[in-house]
Every structure is written in C-alpha cells, then in structure tokens.
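Okay, structure first, notes after.
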Amino acid sequence: MGIGINNSLPWKLSEDMAHFKSTTSGHPIIMGRKTFDSIGRPLPKRRNIVISRNPEWQHEGVECVHSLEDACKLVAGEEAFVIGGTQIYQQALPLSSKLIVTEIHSRFNCDAFFPKISAEEWTEVSRDARQSEQNDFTYAFVTYQRV
C-alpha cells in the first residue's frame, strides 16, 4: 500500500486530513525525522515525538528520541499514534494492537509503502467507505485489531 512519494503524500484529500486531526488531537504522535520534515512543524494539540539517529537534531516544540523503544517509554500507558514513515511503521507494526488506515481506491506513483497487513494477524473491525468530494476516487477509513 503506497503512502508517499518524494517525502510527501501523493494525493490531496482534505477529508483524510480532517479525520487524522480529529483522531490524533490530544494524543502523542510518533514519527521519523523525514516525516517531521515533510510536515515542517510540530502539529498542534498533540505531543510531537520525533525519532532521529542524529544526536544533534532538535526542533522547538518536539521531543527527540533515538529509537522507537525510547518513544514508547515516553508514552507508556497512553494511546499514541505512529504517523510514519515506512521504517517507523515497520518497527511499530509488531508492537501495535490497533491500526487506523485510510485506504484510497486509486493508483498513485509511490516510493514509500506501508507494511503488508496480514489477515492472520489483523482483523477488520470497522470500515467507513466514502466518495471524495474533491477527487474522482473512493476511500475508506478502516480500523484493524490484532487477532
């Protein structure tokens, strides 16, 4: 499942951004440094945690850690959201109990991908299918729980 190209989203879908904002507001968000760079600023009303291998990297309004394990320690006991990129998703998937995924039913040129969601490990528990108001495609907000 494609999630990005050239460190940005390959589509414009305001409904997805609104869903992301309402879902993650008030919660910690964990991301890799490249994902943070693509956003360009800390997201408001969320605790922004960025994983970077560079021990010198820092940004105002962001907590910097050097591993997913360190990020998990910071948010222990809280519902936190991992928001990218590919390497962080790959590391976080085995630790996750729930996935909230926007499935866009169209093809896009991508160079970044979400790990495969295995039916043996995950079960779909909700699907909210919609038609984009601004694009010629359908999409769905899908929630998976670990089996």
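Numbering (full-length UniProt numbering), first residue to last: 1 to 147. Just so you know, even glycine gets a beta-carbon here, dropped at the ideal spot from N, CA and C. Keep in mind it's a predicted model, so treat the numbers as computed, not measured.
Per the coordinates, the alpha-carbon of LEU43 lies some 21 Å from the alpha-carbon of PHE141. About 5 Å separates the CB atoms of THR143 and ILE100; that is less than 8 Å, so the two are in contact.
Beta-bridge partners of LEU99 (DSSP): TYR144. Per DSSP, the continuous alpha helix (DSSP H) segment holding GLN87 begins and ends at 86-92. One thing to note: TRP57 has its Cβ no nearer than 8 Å to the Cβ of ARG41. Counting other Cβ atoms within 10 Å of its Cβ, LEU95 stays below 16 and is therefore classed as exposed.
The residues TYR144, GLN145 and VAL147, in chain order, have a CB closer than 7 Å to that of THR123 in the same chain once the five nearest residues on each side in sequence are set aside.
Looking at the backbone, the Cα of GLY77 and that of LYS98 are separated by about 15 Å.
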